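Read through the structure below, which is laid out as structure tokens, and then see the notes.
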Amino acid sequence: GAGVSQSPSNKVTEKGKDVELRCDPISGHTALYWYRQSLGQGLEFLIYFQGNSAPDKSGLPSDRFSAERTGGSVSTLTIQRTQQEDSAVYLCASSLVQQSSYNSPLHFGNGTRLTVT
Amino acid sequence: GESVGLHLPTLSVQEGDNSIINCAYSNSASDYFIWYKQESGKGPQFIIDIRSNMDKRQGQRVTVLLNKTVKHLSLQIAATQPGDSAVYFCAENISGGSQGNLIFGKGTKLSVKP
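Going line by line, the protein sequences match chains Z and V. Quick note on my numbering: the first sequence kicks off at 183 and runs consecutively. Quick note on my numbering: the second sequence kicks off at 94 and runs consecutively.
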């Protein structure tokens, strides 16, 4: 079946511009996560959507970052006034139940590689 | 603070040998653990998970071992193949925790020599 889909796969933008990154989770998955991965580094948690509950935004690095999830499905991560340090791969993941748990692991997309020049 | 980490950042093995990737965790409240494989240019791919009430779980060519006494997790890959070359991440799940419950380690790069 279809996995988690992210678009665009690559994005090059100029410093100061806004960008929008899109994530289509696996159909029926109620939990959706955004992570950031810098080159050769681990996964940095950004935000987590859990069903209809308020999202956990504790990982967003600044108020330039925001995300929404419409209709419990597609999610958009927006970065305003991009900076060079925002350059990274942005990964989206979804899981079947409200919280990643045993036998309901995260399924990741292939990410959007963002380059800020 | 509490974190998930790895003993070795890189591991090089000969094709056909067994590989062992280690992970240490420090949160005794963690109730399940996951291993992910990430190939270059791709997102992490689920390999296997294990609950805290288990000490061993086997999959296809992979085995995860959990030692709660010393808070240690390992991933064993049998008969390692070139296609196993990737970065391997462990993650721990803390029920009721923040960050959607999951905390990821920094990863170990596995290189398989033909």
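Glycine included, every Cβ here is placed at the ideal spot set by N, Cα and C. Computed from a predicted model, the values in this text were never measured in an experiment.
Classification of residue i by the beta-carbon crowding that lies within 10 angstroms, buried from 16 upward
| i | result |
| --- | --- |
| residue 125/V | buried |
| residue 99/V | Model confidence at residue 99/V stands at a pLDDT of 44, short of 50, so the residue's coordinates are unreliable; what they give is reported in the following sentence. By the 10 Å Cβ count, residue 99/V comes out buried. |
| residue 233/Z | exposed |
| residue 175/V | exposed |
| residue 263/Z | exposed |
| residue 224/Z | buried |
| residue 257/Z | buried |
| residue 221/Z | exposed |
| residue 201/V | buried |
| residue 219/Z | buried |
C-beta contact flag for residue i and residue j at 8 Å
| i | j | result |
| --- | --- | --- |
| residue 185/V | residue 118/V | yes |
| residue 111/V | residue 173/V | yes |
| residue 197/V | residue 131/V | no |
| residue 296/Z | residue 197/Z | no |
| residue 216/Z | residue 259/Z | yes |
| residue 159/V | residue 148/V | yes |
| residue 207/Z | residue 276/Z | yes |
| residue 299/Z | residue 203/Z | no |
| residue 154/V | residue 171/V | yes |
| residue 291/Z | residue 210/Z | no |
| residue 108/V | residue 205/V | yes |
Identity of the residues DSSP links to residue i by a beta bridge
| i | result |
| --- | --- |
| residue 270/Z | 296/Z |
| residue 196/V | 185/V |
- Message: Tell me which residues of the region 252 to 275 of chain Z have at least one Cβ-Cβ distance to chain V shorter than 7 Å, keeping chain order.
- Response: So the close ones are 273.
- Query: Going along the chain, which residues of the region 110 to 136 of chain V sit with their C-beta nearer than 9 Å to a C-beta in chain Z?
  - Reply: Residues passing the 9 Å Cβ filter: 124, 125, 127, 129, 131, 134, 135, 136.
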